[in-house]
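Read the structure below first, then the notes.
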Amino acid sequence: SFVVNARLILSLSKVNKRIEYIVEDAPSYDKSYLQNQYDDDEIAYNEYINKPNQVIYIALLHNQIIGVMVLKKNWNRYAYIEDIKVDKEFRALGVGRRLIEQAKQWAKEGNMPGIMLETQNNNVTACQFYEKCGFVIGGFDFLVYKGLHAESDEVAIYWYFHFK
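Counting with the UniProt record's numbering, you get residues 1 to 164 for the letters of the sequence shown.
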């Protein structure tokens, strides 16, 4: 979960030939993801055990889980971060960056061309974090969340880190 108080406004830059953004203030509210996205999270995580193209990394501090990252090799050969989360009290302490570095290592060892992930334009802190980690916006989708909530104005943003 996170507080929404701004959003990214995307634009295509002819000069730089890339997608750029500005941050715009938005009415403040708490955004919370469903606690149980699956009927049983344990079953969903079990799908990742002993599979060479899927992995889960867990960040621990004194045997307490403080972060989780779920990765798979995507159809386009990129490592796809399906989920990455760090407990609120441990954010901005380098845990997320360590998880991203682990994703880079896993992707390189698997001879993948890079890493990709998706987030929303209203998760500005996450977007800025990915940019600081070297990711660039590779695409966006204005309609993907309309299927869940017809009135949604959330934009899916696809971030890429391409190995050179």
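Note that beta-carbon positions come from the ideal geometry of N, C-alpha and C, so glycine has one too.
The Cβ atoms of residue 68 and residue 49 do not sit closer than 8 Å to each other. As for any beta strand (DSSP E) of minimum length 3 sitting wholly inside the segment 28-103, the runs are 54-61, 64-73 and 79-86, ordered along the chain. Using a C-beta cut-off of 8 Å, the segment 66-82 makes contact with the segment 97-114, since at least three inter-stretch Cβ pairs fall below that distance. Beta-bridge annotation (DSSP): residue 117 is paired with 81 and 159. By the criterion of a C-beta distance shorter than 6 Å, residue 52 is surrounded by no residue of its chain, once the five residues flanking it on both sides are discounted. By the beta-carbon neighbour count (other beta carbons within 10 angstroms, threshold 16), residue 120 is buried. By the Cβ neighbour-count rule, residue 80 is buried, with 16 or more other Cβ atoms within 10 Å of its own. For residue 86, the closest of 112, 59, 108 and 111 by C-alpha to C-alpha distance is 59. Secondary structure of residue 145 (DSSP, three-state): coil. In the three-state DSSP reduction, residue 131 falls in the helix class (H, G or I). Per the coordinates, the alpha-carbon of residue 2 lies some 14 Å from the alpha-carbon of residue 128.
Shown here, residue 150 sits in coil according to DSSP, grouped into three states, outside any helix or strand. The C-alpha of residue 152 lies about 14 Å from the C-alpha of residue 29.
Judged by beta-carbon spacing, residue 161 lies beyond the 8 Å limit of residue 139, meaning their Cβ atoms are not closer than that value.
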